[in-house]
Amino acid sequence: MILGTTIILAVREIRRHLLRSFLTILGIVIGVSAVVTMVTLGNGATAAVKQQISGLGANILQIRPGQGFGRGGGGPQPPDFKPADVDAIRTQIAGVKAVAPQASSSGIAVRNAANWSTTINGTTADYFTAQDWKLSAGRIFTPAEEQAGRAVCILGSTVVTNLFRQEEAVGQRFRIKDVSCQVIGTLATRGQGGFGNDQDDVVIMPIKAVQRRFTGNRDIRNIMVSVDEAYDTGTVQAATQKLLRERRNISGGKDDDFNIFDTKQIADTLQGTTQILTALLGAVAAVSLLVGGIGIMNIMLVSVTERTREIGIRLAIGAVASEVLLQFLVEAVALACLGGVIGLLLALIASVSLAPVLRVPFIFDLQINLLAFFFSALIGVVFGYFPARRAASLNPIDALRHE
Amino acid sequence: MSAPDPIIALRGVTKTFGQGATAFQAVKGVDLDIMAGDFVAVMGPSGSGKSTTMNILGCLDVPTGGEFRFKGHHVERLDRDQRALLRRRYLGFVFQGFNLLARTTALENVELPLLYRGEDKKTRADMGMAALDKVGLADWWDHTPAELSGGQQQRVAIARAIVTQPDVLLADEPTGNLDSERSVEIMDLLTDLNRTAGITVLMVTHEQDMADFAHTIIHFKDGLVDRTHATGRGQAA
Chain A
-16 MILGTTIILA VREIRRHLLR SFLTILGIVI GVSAVVTMVT LGNGATAAVK QQISGLGANI
44 LQIRPGQGFG RGGGGPQPPD FKPADVDAIR TQIAGVKAVA PQASSSGIAV RNAANWSTTI
104 NGTTADYFTA QDWKLSAGRI FTPAEEQAGR AVCILGSTVV TNLFRQEEAV GQRFRIKDVS
164 CQVIGTLATR GQGGFGNDQD DVVIMPIKAV QRRFTGNRDI RNIMVSVDEA YDTGTVQAAT
224 QKLLRERRNI SGGKDDDFNI FDTKQIADTL QGTTQILTAL LGAVAAVSLL VGGIGIMNIM
284 LVSVTERTRE IGIRLAIGAV ASEVLLQFLV EAVALACLGG VIGLLLALIA SVSLAPVLRV
344 PFIFDLQINL LAFFFSALIG VVFGYFPARR AASLNPIDAL RHE
Chain B
72 MSAPDPIIAL RGVTKTFGQG ATAFQAVKGV DLDIMAGDFV AVMGPSGSGK STTMNILGCL
132 DVPTGGEFRF KGHHVERLDR DQRALLRRRY LGFVFQGFNL LARTTALENV ELPLLYRGED
192 KKTRADMGMA ALDKVGLADW WDHTPAELSG GQQQRVAIAR AIVTQPDVLL ADEPTGNLDS
252 ERSVEIMDLL TDLNRTAGIT VLMVTHEQDM ADFAHTIIHF KDGLVDRTHA TGRGQAA
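Protein chains in written order, with our numbering: chain A, -16 to 386; chain B, 72 to 308.
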C-alpha cells in the first residue's frame, strides 16, 4: 500500500475521533508552544538588551572613581578626576578617538509657568561624538563657549517637551537653579537607557559652566573614552588603567580606587545571561514536549487494544504486517505533526501578545519553529513505533475474536 | 470442459495447538478437494475441527502437517505476508459478527480491500458502489453500521468480501446473528453470487436450513471429515 493511502486512513481515523485526537496531542501542543514561546521571547529579550546597551555607545570606556557602580560604601571616598587626567588620557593613550569629562548636578528648570526637575550634565563637544548622539535642531558648543564656560545648553527631548511644549526651543532662554541659560540645540530622542532610565531627561552644558555655577569645584565625576574602531578596547582599557594608577599614586599591591568598564563587556555579559535564561526555559519546556510524546504513546497503545478487532479485519482482508505498522505509525506522526502545528500557532499568538507586555520586541525565529515542528514529528515516530509494532504483530484469528 | 483441478486441495492436513503434554490436535488429517464454483456448507459440533480447518482454508492459519494447495500454491510453505497477499487477491471473508468498521460509511467499508490493493480513488468508488449495488444497498452507501440493520450490515460485509472479485468467499456462520427471514435473504444473495459471479463459497453453519442452500455439505467430527454429500442443488446450475 502506498504512503498516500495510509495518510488517508490516518486522517480519517483522526477525524473520526476528534476529541480523543485532541486530548492525545494536547501534550505536544503545550510542549511545542511552550518551547517556541520561551525561545522567541528570550530572543526578543536578548535583542532588547543588545539594543539598550548599544544606546550607551559603541566602543566606549566609562571611567568612574571607586569600585563597582556606586561610589563605595564606608571609608574615605576616592577622589574625583581632575581636568589634567582628561588631558593625559587624550594625549598619552593610543587609539582614543574622543574623551568626554562629565560633571553632573541636578536642579529644577523653570520657564514661565512650567518647571521640570532634571539632570544637568556638564561635558565637552566630544561627548556627542563619543555617544554618537545627533542633534534634532541647533548646534553643539563652540570651543570658545567651552573655554569660557558660557551658560549655553543643549536639551534632551523630555526636557524640551516639558518646558517648551510645541514651541521652538532653540534660541529661547530658561532658568535652572537661578542660572539663566540659553538653548543652542536640542537632541534627537534616544528613549530608555540600558538601566531603565530616561536618557532624554537631561540638560547638557559646557563642563566649566556646570563646575563654576553648580558643583563649585573642578572635579570630574566621570570620564567617557571613545575608542577608535581600529584599536582593541581591552588594550586601551589596560593602558588607561596603568596611566590612572600612576597619576593617582596607587602602589603595586593596592586595588584600583577607580573603575573602567567597557560597555561592550556589559553588553556581552547581559546578553550571555539572557541567552542562558532562554536556553534554560527552553529546556524546561522541552521536557514537557517529551511528556507530550509519552502521552501520544499511551493513547496509541490504548487505541491498538481498542481497535484489535479492526486490525483483525484489516489483516483478514489482506493487509500485510508492514501496512498495519505503517498505518499506526503514520497516525501517530500525523497526530504529532498536527499537535506541532497547533503548538506553533499558539506560540505565535502567545509571543505576539506577550512581547509588548514584557517590553521585548517580537522576533520570528524560523529556525526554532522548524526545529520544534520536526522534533514533534520525531516524537510521533519514536513513540508511535512501539504501539504500531504491537498492532502489526497481532494474530488475525485472535484479533478477530477479540471482544 | 476438461476436468479442472480443484481450487482447494487438502492432503493429510493436521493442526496441533500447544506443545508437549498440553498439546492438542484439533485437526487430525483432513483430505478435501473443493472445485471452483462449488457452494460448500461445513457443519459439525463445536470442537470438531471445522473452525480450525476454515482458518487454514482462509489462509489465516497454517497447518502443522500435511499439504494445502490453493490454486496450485503450497500455502503451508508461505509466510505471513505471502498469505496476506493471497487473501488480498483471491479471498473474501464474511463473519458472523459482520465485523464492519464502526463510524465508517458503508462505501468506505466496502472500499477497504481496494485500498490495500492500491486502487485509485475513482476506481475504489466505482467498484465499491457496484458491489453495494449487487447486495441492494447502493442507496445506503453513506450510512454507518450503527445506522443499518443486522441484515443490511451483513450485506455490506458481503459487498466488502466480493468487491475485489475474489475466487473464494469464506463465510463463518453468516446468518448466525440474523432472524430467519434475513437469513434467507443472505443465503439467496450468496447463492446468486455463486451462480452468477462464479464465486466458490465456503460457509460454516449450524443450521441445516442454511446448509441446504449449498451444493455440497461437509460434516466434521473429532478433527476429521466425517462424511460429504451433495444436496442435489449443484446440478441445477
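We treat Cβ as the ideally placed atom computed from N, Cα and C, and that holds for glycine.
Which listed residue (the options) has its alpha carbon closest to that of residue i
i: Gly115(B); options: Thr302(B), Leu203(B) and Asp297(B); result: Asp297(B)
i: Arg324(B); options: Ala304(A), Gly27(A), Ala319(A) and Ile91(A); result: As displayed, chain B neither begins before 72 nor continues past 308, which places residue 324(B) out of reach and without an answer.
i: Val84(B); options: Asp76(B), Ala301(B) and Pro134(B); result: Pro134(B)
i: Ala338(A); options: Thr(-12)(A), Lys160(A), Gly27(A) and Asp348(A); result: Gly27(A)
i: Ile40(B); options: His145(B), Leu260(B) and Thr276(B); result: An answer regarding residue 40(B) cannot be provided, because it is not within the stretch 72 to 308 covered by chain B.
i: Gln236(B); options: Met106(B), Leu185(B) and Ile78(B); result: Leu185(B)
i: Ala171(A); options: Arg195(A), Val313(A), Thr141(A) and Asp161(A); result: Thr141(A)
i: Gln182(A); options: Gly132(A), Ile36(A) and Glu(-4)(A); result: Ile36(A)
i: Gln225(B); options: Ala201(B), Lys86(B) and Leu172(B); result: Leu172(B)
i: Val324(A); options: Val32(A), Met21(A), Ile11(A) and Arg372(A); result: Ile11(A)
i: Leu219(B); options: Phe141(B), Leu178(B) and Ala92(B); result: Leu178(B)
i: Val365(A); options: Met280(A), Ala71(A), Gln350(A) and Glu289(A); result: Met280(A)
i: Phe64(A); options: Ile76(A), Gln75(A) and Ala86(A); result: Ala86(A)
i: Leu(-14)(A); options: Val307(A), Leu353(A) and Ile137(A); result: Val307(A)
i: Glu289(A); options: Ala266(A), Ala374(A) and Pro126(A); result: Ala374(A)
i: Ala355(A); options: Val19(A), Gln60(A) and Asp115(A); result: Val19(A)
C-beta contact flag for residue i and residue j at 8 Å
i: Gly222(B); j: Gln96(B); result: no
i: Ser209(A); j: Ala30(A); result: no
i: Thr176(B); j: Trp212(B); result: yes
i: Gly326(A); j: Val15(A); result: yes
i: Leu273(A); j: Pro370(A); result: no
i: Leu312(A); j: Gly367(A); result: yes
i: Phe241(A); j: Gly49(A); result: yes
i: Val69(A); j: Ile203(A); result: yes
i: Arg73(A); j: Asn205(A); result: no
i: Arg292(A); j: Asn170(B); result: yes
i: Val234(B); j: Val181(B); result: yes
i: Leu383(A); j: Thr7(A); result: no
i: Lys247(A); j: Asn42(A); result: yes
i: Gly168(A); j: Gly132(A); result: no
i: Thr(-12)(A); j: Gly305(B); result: no
i: Ile76(A); j: Thr223(A); result: yes
i: Ala107(B); j: Ile78(B); result: yes
i: Pro254(A); j: Val22(A); result: For the sequence presented, residue 254(A) should be read as Gln rather than Pro. The answer is no: Cβ separation not under 8 Å.
i: Arg87(B); j: Ala80(B); result: Note on residue identity: the sequence assigns Thr, not Arg, to residue 87(B). No, the Cβ-Cβ distance between Thr87(B) and Ala80(B) is not below 8 Å.
i: Asp109(A); j: Ala71(A); result: no
i: Thr198(A); j: Ser88(A); result: yes
i: Val162(A); j: Gln155(A); result: no
Contacts around residue i, its chain only, beta-carbon distance under 6 Å, and the 5 residues preceding and following it disregarded
i: Val185(A); result: Thr102, Asn104 and Gly139
i: Ser119(B); result: Phe291 and Lys292
i: Gly78(A); result: Val210, Asp211, Tyr214 and Val219
i: Glu128(A); result: Val135 and Pro189
i: Leu298(A); result: Pro379
i: His214(B); result: Ala177
Close-in-space but distant-in-sequence residues of the same chain around residue i (CB under 7 Å, 5 per side omitted)
i: Asp381(A); result: none
i: Ala17(A); result: Ala268 and Ser271
i: Asp245(A); result: Leu44, Thr216 and Gln220
i: Leu(-8)(A); result: Gln310
i: Ile229(B); result: Val165, Val206 and Leu260
Proximal residues to residue i (C-beta, below 8 Å), its chain only, five neighbours per side dropped
i: Gly129(B); result: Arg158, Leu162, Phe164 and Leu241
i: Lys99(B); result: Thr85, Gly120, Asp293, Gly294 and Leu295
i: Phe52(A); result: With a pLDDT of only 49 at Phe52(A), under the threshold of 50, the placement of this residue in the model should not be trusted; the figure read from the coordinates follows. There are no such residues.
i: Ile(-3)(A); result: Ser4, Glu314, Ala317, Leu318 and Leu321
i: Gly89(B); result: Phe95
Any non-hydrogen atom of the ligand NAP within 7 Å of residue i CB
i: Glu256(B); result: This structure lacks the ligand NAP; in fact it carries no ligand of any kind.
Residue-chain proximity (residue i, chain C), Cβ-Cβ < 8 Å
i: Arg151(B); result: Among the chains of the structure shown, chain C does not appear; the protein chains present are A and B.
Residues in the stretch 187 to 216 of chain B with C-beta within 7 Å of chain A's C-beta atoms, listed in sequence order? Tyr187 and Gly189
Okay, do the stretch 230 to 242 of chain A and the stretch 87 to 103 of chain A touch, 3+ Cβ pairs below 8 Å being the bar? no
What are the residues in the stretch 254 to 280 of chain A lying within 8 Å of chain B by C-beta distance? none
Three CB pairs or more closer than 8 Å across the stretch 101 to 117 of chain B and the stretch 276 to 290 of chain B: yes
Pairing CB atoms from the stretch 196 to 208 of chain B with CB atoms from the stretch 238 to 255 of chain B, are three or more of them under 8 Å? no
Name, going along the chain, the residues of the stretch 297 to 309 of chain A whose beta-carbon falls closer than 8 Å to a beta-carbon of chain B. Arg297, Leu298, Ala299, Ile300, Gly301, Ala302, Val303, Ala304, Ser305 and Glu306
At a Cβ cut of 9 Å, what residues of the stretch 366 to 383 of chain A count as close to chain B, listed as they run along the chain? From the stretch 366 to 383 of chain A, only Asn378, Pro379, Ile380 and Leu383 have a Cβ closer than 9 Å to chain B.
Of all the residues that make up the stretch -2 to 13 of chain A, which are near chain B by a beta-carbon distance shorter than 9 Å? Arg(-1) and His0
Contact set between the stretch 126 to 153 of chain B and chain A, restricted to residues whose Cβ is under 7 Å from the partner: Asn126, Leu131, Asp132, Arg151 and Asp152
What are the residues in the stretch 326 to 352 of chain A lying within 9 Å of chain B by C-beta distance? Contacts with chain B (Cβ-Cβ distance below 9 Å) from the stretch 326 to 352 of chain A involve no residue at all.
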